Each structure stands twice: as C-alpha cells, then as structure tokens.
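K.L.:
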Amino acid sequence: MPKPSASKLSGFSGKLTTWQLTAGSAAFGLVIAAGAVAAAGPWDSSGQRTAERDRAASQEAWGGADHAGRTPGSAPDAAPSAPSVLAGLGAPAGVAPAPTDSALAEVLDPLLKDPALGPERSAVVLDAVSGKQLYGKGGGEGLTPASTIKIATAVAALSSVGPDHRIATKTLIEPDSSDVVLVGGGDPTLTARKDGRYTDTAASLRTLAEDTAHALKSRDIDEVKLSYDTSLYSGPAQHPIGPNENITPVSALMADEGRLDDSSSGPAPRAADPAAEATKKFAAFLSDEGIKTNPSSKSAPTPSKASGRAESLAKVESPPLSALVERMLTHSDNDIAEALARQAAVAAKEPVSFDGAGKAVRDALDKQKLPLSGAKFADGSGLDRADRVSAELLAALLDHAADPGRPELRSVVTGLPVAGFTGTLVDRYPKDSPGTGLVRAKTGTLTGVNSLAGTVVDADGRLLLFAFMTTGTTDPQSAQKALDHMASTVANCGCR
C-alpha cells in the first residue's frame, strides 16, 4: 500500500513562475525568503572550500531553510507541516502522476555518462509517495559521500535523542569549597557573543556567567577556583584531516565553534584548544559580574573532572536538536555534525569519540532497517575520506525523513539548501534553471569527490527523492554543473 504523501504539487509544467518557486520550496512546509546565506565552491587540496574562503558563506542574509536566530528571546519554531502548507496552495495530496522508469532512464542515462562525473558514479531516484525506486545505476555501491553523510548523521541523532532534545552547558561547585567547574555537554553553538546571527537563540556563555555569579553570591562567594570539564568526550579531539579551518578540534566545550573571527559558517581560523578559550571568556564574564577567578594562583583555568558530589549552580541549553540539524545541513556545518554524531553515541552508551559515534550512527540506522551494505561512518561530517555511503542509503534516508509517519525526522528535509536561494546551493543554480527553487539538496564536495542528494518537484508536481554520487572527478565546477543539470532535468521532466 502506498504510504501517505509527504507533499504534492500539481498542475504546472514548462517555464518556472514565482508560484512554482514558492510551491517547490514549500514542499516540506517552508516558504522561503529570497536571500543569500552561503556560497558553495570547490575544495582545494587541503580540503577547504576556496569560494567560502572568500567569505561568500559568511554573508548570512536571513531566510531560507535555516530559520534559527530570527525571533529575539525565543527558540526557533518548528517548520509547519507539509499538508497544511500545500492545502493553502490548493494542491490535493497524491494527485500528481509519477514518472515512469523508462522515461526517467531516457533522460538521465545520457547525463550520467558525462565525463565530468569521473570514473565512478551512481544515481538513485525514488518516488516520495510510494517509496518505489524509479531509477538506479550503481546505487548499492559504497562511495565517498563527502558532506552528504551529514544526512545520515542527522537521521541518527534525531532518531536517537529526539528533535526536542537540548544540549546543556552547566556550572557546578564542589561541596564545602569554592571550586567551580564549567562542564561542557557538547554544544558547539554555545556563544560568547553579544550580537550577531544565532545569538538570540543560542545558549549564551554570558548568561551562564551571570546566573553562576548570582548563585555564587547567594552563597556569599566572590572568589572561586575555576576549572573546566570536557570528560563527556573521549578519544582524539583532532579530526584525521589535521588542523583545518573547516573544523575545530572536537571538544565537549567550545564557544562559537572555536572561531577566532566573527563568522558563524564557512571556513575560519580556529582555536587550538576551544575548551580553554571558552573558559577564559567565561572567567572574564564572571569578573564582569564581580566574581574573581583563581585569584591566589593567578593562573588560567585548567582541565578537571567534576565529582559526583558537585552541586549545580546554573545551566544554559542549546536550541532544540531539530534547529541544530537545519543549521548543520543548510551551511554544511562540520562542527555541528560531529557534535550530533556524539549525541547519538551518548544515547547509545558508546564511547563518545570518532569511533564510538560512527558505531552509534550505524546502529541507529540499522534499527530502522536502512540499506547499510558497504557503509562506513568514520566521522559525522564527511571530511574523512574513509567514509562510505551508497546512493541507495542516501535516498532511503531522505525517504524516511519525508515520511509523514516520522515527524521527528522532518528537520532533515526542511534543512536542505534550496537551489538558487540558500546555503551551499545559493550560487549553483541560475535564475532561469528549471531546478531553481524546486530542488533542495545536500551538497558533498572534496577534492575528486562530488555528490548531491535531496528532493525535487517534477514538472507534473510529483515529489521525488534523489542521490547522485561521483568519485574521481578532476574539474569540481564541471562536476557540480553536471550534477545540478541532472537534478534540474528531473525538475523539468514529467517523464511519462
């Protein structure tokens, strides 16, 4: 029996109109606002986006799939459900016809042979209504996914701890002492900034200092010995790619992703020890509140581990996991991805490390009976070339997330960048492209690796899910154009 439709649009074909752009972007309940959020670009030999290095990713206009940080003093609202949005557009669910296998093959087979796609390529297209595979070439082969692995990370985290879960950062005081411990819970979006994007919704290190100072003063304490606890995480903090502007050493405690500039996405100089840097800022905030730290030794705070007898002083919490997933997918945020993978490890009681997180992600997906043949999860972000994922798995993950019976996964699809409008697809689709506004997809780019996986509304209004993967590409821009052309072709195709 066909499953209920996640979203359907009917009655349009040919040249795109404003209505079609809005309707396509609303396919999972999100009407987008035009505005540049980030820019995608090829990765150079060190694994860093050269286009983003020019700060295209840090322009950060409002709008789009990542809707955090817009309402002062409140957590982000959940995206509205697809059926209610589409009912407003007057499109009854399930009326659009599905493409036929042969017609899709006729248009996609020649495109998949494009030399720009390198020696290894695979493609899968699914129907979002029935889950039926409409097109498949090499779909079961495990290839390097690059950042499209973030889709798997998101599904694993959401299914393990839930979309409403918030990550706490707290302060504790040891009994009968003035020893205060700043305890990291794994929130990479904790912010030390006064203003800027996300400061209205992110957990604030300043607020934590204010609340901690108030609690200390109620105990008649105005001098403390401050230390910090990152013991939630284990194993190496440094990603296998080494020091890199695309990711901070992975720590349970960091502020603003360890960025040393004022950016909130894209490459940036990073702190070598993000926990120590965050604690230094926290100490300064405590000082502003009249609390002296480490006055006798005059030394910087050092690592420690809070005892089981330590008492709570204050805590702040991240936005809900659903909002973190959206931010991660829209901007291809590596720091959030690694943090989410470790939340899955915490829930699974695995070591909270690269290895433990990889096992937790795999186990979480296995419980949902997803096709894991050939899959390997070496990290949560896709920066590790040892990762392996099949196009069949990526398409199946999207199918799960699009299923109305799994609302806890909905932020996976609402967080996908919108072609020509948001995130890492903002500059990859010209205004006159058939895919602009109708394709929303996660990009994946490493040197020699290009992938694209997401959703598309075809010319008949049918919602389809796709995953296109390539390995061995030599011209990243040509490879990206070829993948985008494939997605646009599906958008422009009734294919019956």
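In terms of the numbering used here, the sequence shown opens at residue 2 and continues consecutively. Using N, Cα and C, we set each Cβ at its ideal position, and we do this for glycine too. Since this is a predicted model, take the numbers as computed values, not measurements.
(1) Can you give the Cα-Cα distance for L426 and A420, rounded to whole angstroms?
(2) Name the DSSP bridge partner or partners of W391?
(3) Is there at least one Cβ from chain B nearer than 8 Å to D115's Cβ?
(4) Work out the CA separation of A210 and E351 for me, nearest whole Å.
(5) I'd like to know whether the C-beta atoms of T280 and L191 end up nearer to each other than 8 Å.
(6) Thinking C-alpha only, which one of A492, Q481 and C496 is nearest P116?
(7) Does G445 come out as helix, strand or coil in the three-state DSSP assignment?
(8) Taking all protein chains shown into account, decide if H215 is buried (16 or more other Cβ within 10 angstroms of its Cβ) or exposed.
(9) Once you ignore the five residues that flank P1 on each side, which residues in its own chain have a CB closer than 8 Å to its CB?
(10) Starting from the C-beta of S354, find all residues in its chain whose C-beta is less than 6 Å away, skip the five residues before and the five after it, and write them out in chain order.
(11) Under the DSSP definition of a beta bridge, which residues are partnered with R463?
(12) Looking at A124 and F469, is the spacing between their C-beta atoms short of 8 Å?
(13) Rounding to the nearest angstrom, what Cα-Cα distance links D274 and P241 in this structure?
(14) To the nearest angstrom, report how far apart P244 and P250 are at their CA atoms.
(15) Taking the CB atoms as reference points, tell me whether G357 and G445 lie closer together than 8 Å.
(16) Just to confirm, is the Cβ distance from A376 to R389 under 8 Å?
(17) Give the DSSP bridge partners of N245, in chain order.
(18) Checking the sheet assignment: what are the DSSP bridge partners for V419?
(19) Kindly give me the distance between the Cβ atoms of T1 and L447, rounded to whole angstroms, as I take these residues to be in contact under 8 Å.
(20) As a quick exercise: from S160, G416, L112 and G495, pick the residue whose alpha carbon is nearest that of D461.
(21) So, at 6 Å on beta carbons, what are the nonlocal neighbours of S228 in its own chain, with the 5 sequence-adjacent residues on each side left out?
(22) Could you tell me which residues DSSP pairs with I174 in its beta bridges?
(23) Compare the beta carbon distance of R122 and L112 with 8 Å and say whether it is the shorter of the two.
(24) Applying the criterion that 16 or more other CB atoms from any shown protein chain within 10 Å of the CB defines a buried residue, is K368 buried or exposed?
(25) Who does A468 pair with in a DSSP beta bridge?
(26) E107: buried (16+ other C-beta within 10 angstroms of its C-beta) or exposed?
(27) Per DSSP, which one or two residues make a beta bridge with K138?
(28) Which residues in the same chain as T101 place their Cβ atom closer than 8 Å to its Cβ, once the five residues preceding and following it in sequence are excluded?
(29) Please name the residue, chosen from S288, A361, E278 and D201, that lies closest to A158 on a Cα-to-Cα basis.
(30) On the DSSP letters alone, give me the boundaries of the alpha helix (DSSP H) that S228 sits inside.
(31) Out of D334, K293 and V347, which one is the CA nearest neighbour of E224?
(32) Let me make sure I understand the geometry here. Which of S412, A315 and A488 has the alpha-carbon closest to that of S219?
(33) Taking just the CA atoms, how far does T423 sit from D257?
(34) Under three-state DSSP, which class holds K293?
(35) Less than 8 Å between the C-beta atoms of T282 and L206, yes or no?
(36) For A285 and E278, which I take to be in contact (beta-carbon distance under 8 Å), what is that distance rounded to the nearest angstrom?
P.N.:
Let me spell this out:
(1) What you label residue 426 is simply residue 425 of the sequence shown in a count that begins at 1. What you label residue 420 is simply residue 419 of the sequence shown in a count that begins at 1. Straight-line Cα distance between these residues: approximately 5 Å.
(2) Counted from its first residue, the sequence shown places residue 391 at position 390. The residue asked about is misnamed: residue 391 is Ser in this sequence, not Trp. G143.
(3) Looking at the structure shown, chain B is missing, and only one protein chain is on hand.
(4) Against the sequence shown, residue 351 aligns to sequence position 350. Against the sequence shown, residue 210 aligns to sequence position 209. Taking the straight line joining both Cα atoms gives about 31 Å.
(5) Sequence index remark: in the sequence shown, residue 280 carries index 279 (1-based). Sequence index remark: in the sequence shown, residue 191 carries index 190 (1-based). Cβ distance not < 8 Å, so T280 and L191 don't count as in contact.
(6) Mapped onto the sequence shown, residue 116 falls at position 115. Relative to the Cα of P116, the nearest Cα in the group A492, Q481 and C496 belongs to Q481.
(7) Start at 1 with the first residue of the sequence shown, and residue 445 comes out as number 444. In the structure shown, G445 sits in a strand (DSSP, three-state: E or B).
(8) Start at 1 with the first residue of the sequence shown, and residue 215 comes out as number 214. Label assigned to H215: exposed.
(9) Any property of residue 1 remains undetermined from this structure, which presents the chain solely from 2 to 497.
(10) Numbered from 1 along the sequence shown, position 353 holds the residue referred to as residue 354. S235 and G236, listed in sequence order.
(11) In the sequence shown, counting from the first residue as 1, residue 463 sits at position 462. Beta bridge pairing from DSSP links R463 with no other residue.
(12) Looking up residue 469 in the sequence shown gives position 468. Looking up residue 124 in the sequence shown gives position 123. Their beta carbons are under 8 Å apart, which means F469 touches A124 by this criterion.
(13) For the purposes of this step, residue 274 is identified with residue 273 of the sequence shown, where counting begins at 1. For the purposes of this step, residue 241 is identified with residue 240 of the sequence shown, where counting begins at 1. Between D274 and P241, the C-alpha separation is close to 16 Å.
(14) Position 243 of the sequence shown, counted from the start, is the residue given in the question as residue 244. Position 249 of the sequence shown, counted from the start, is the residue given in the question as residue 250. Looking at the two C-alpha atoms, the distance is approximately 8 Å.
(15) Locating residue 357 in the sequence shown gives position 356, where the first residue counts as 1. Locating residue 445 in the sequence shown gives position 444, where the first residue counts as 1. For G357 and G445, no; Cβs fall outside 8 Å.
(16) On the sequence shown, residue 376 is found 375 positions in, with the first residue counted as 1. On the sequence shown, residue 389 is found 388 positions in, with the first residue counted as 1. With respect to the 8 Å criterion, A376 and R389 are classified as neighbours on the basis of their beta carbons.
(17) Residue mapping note: residue 245 aligns to position 244 of the sequence shown, counting from 1. BP columns for N245 point to I248.
(18) Residue 419 sits at position 418 when you count from the first residue of the sequence shown. Looking at the DSSP output, V419 sits in a beta bridge with R441.
(19) Limits of the chain in this structure are 2 at one end and 497 at the other, which puts residue 1 out of reach.
(20) What you label residue 461 is simply residue 460 of the sequence shown in a count that begins at 1. The option with the nearest alpha carbon to D461 is G495.
(21) Your numbering for residue 228 matches position 227 in the sequence shown. Cβ-Cβ distances below 6 Å link S228 to V182, P302, T303 and S305 in the same chain, with the five nearest sequence neighbours on each side left out; the list follows chain order.
(22) Taking the sequence shown and counting its residues from 1, the one referred to as residue 174 is at position 173. Under the DSSP definition of a beta bridge, I174 partners with V181 and E312.
(23) Stepping through the sequence shown from its first residue, residue 122 is reached at position 121. Stepping through the sequence shown from its first residue, residue 112 is reached at position 111. Here R122 is not near L112, since their CB atoms are 8 Å or more apart.
(24) The residue given as residue 368 occupies position 367 in the sequence shown. K368 is exposed by the Cβ-count criterion.
(25) Counting from 1 along the sequence shown, the entry for residue 468 is found at position 467. The partner list for A468 (beta bridge, DSSP) reads V125 and A454.
(26) Position 106 of the sequence shown, counting from 1, holds the residue named residue 107. Residue environment for E107: exposed (fewer than 16 other C-beta atoms within 10 angstroms of its C-beta).
(27) Counting from 1 along the sequence shown, the entry for residue 138 is found at position 137. The secondary-structure analysis by DSSP pairs K138 across a beta bridge with A124.
(28) Position 100 of the sequence shown, counted from the first residue, corresponds to residue 101. So the list reads L135, C496 and R497, once near-sequence residues are dropped.
(29) Locating residue 158 in the sequence shown gives position 157, counting from the first residue. For the options S288, A361, E278 and D201, the alpha carbon positioned closest to that of A158 is the one of A361.
(30) Numbered from its first residue, the sequence shown carries residue 228 at position 227. If you look at S228, you'll find it isn't in any alpha helix (DSSP H); it sits in the beta strand (DSSP E) that goes E224 to D230.
(31) Residue mapping note: residue 224 aligns to position 223 of the sequence shown, counting from 1. Taking only the C-alpha atoms, the option nearest E224 is K293.
(32) Here residue 219 refers to the residue found at position 218 of the sequence shown. Checked all of S412, A315 and A488; the closest Cα to S219 is A315.
(33) Against the sequence shown, residue 257 aligns to sequence position 256. Against the sequence shown, residue 423 aligns to sequence position 422. About 21 Å.
(34) Here the question's residue 293 lines up with position 292 in the sequence shown. Note: K293 maps to strand in three-state DSSP.
(35) Locating residue 282 in the sequence shown gives position 281, counting from the first residue. Locating residue 206 in the sequence shown gives position 205, counting from the first residue. At residue 282 the sequence reads Lys, which differs from the Thr that was named. The answer is yes: Cβ separation under 8 Å.
(36) By 1-based counting over the sequence shown, the position of residue 285 is 284. By 1-based counting over the sequence shown, the position of residue 278 is 277. Rounded, the Cβ-Cβ distance is 11 Å, inconsistent with contact.
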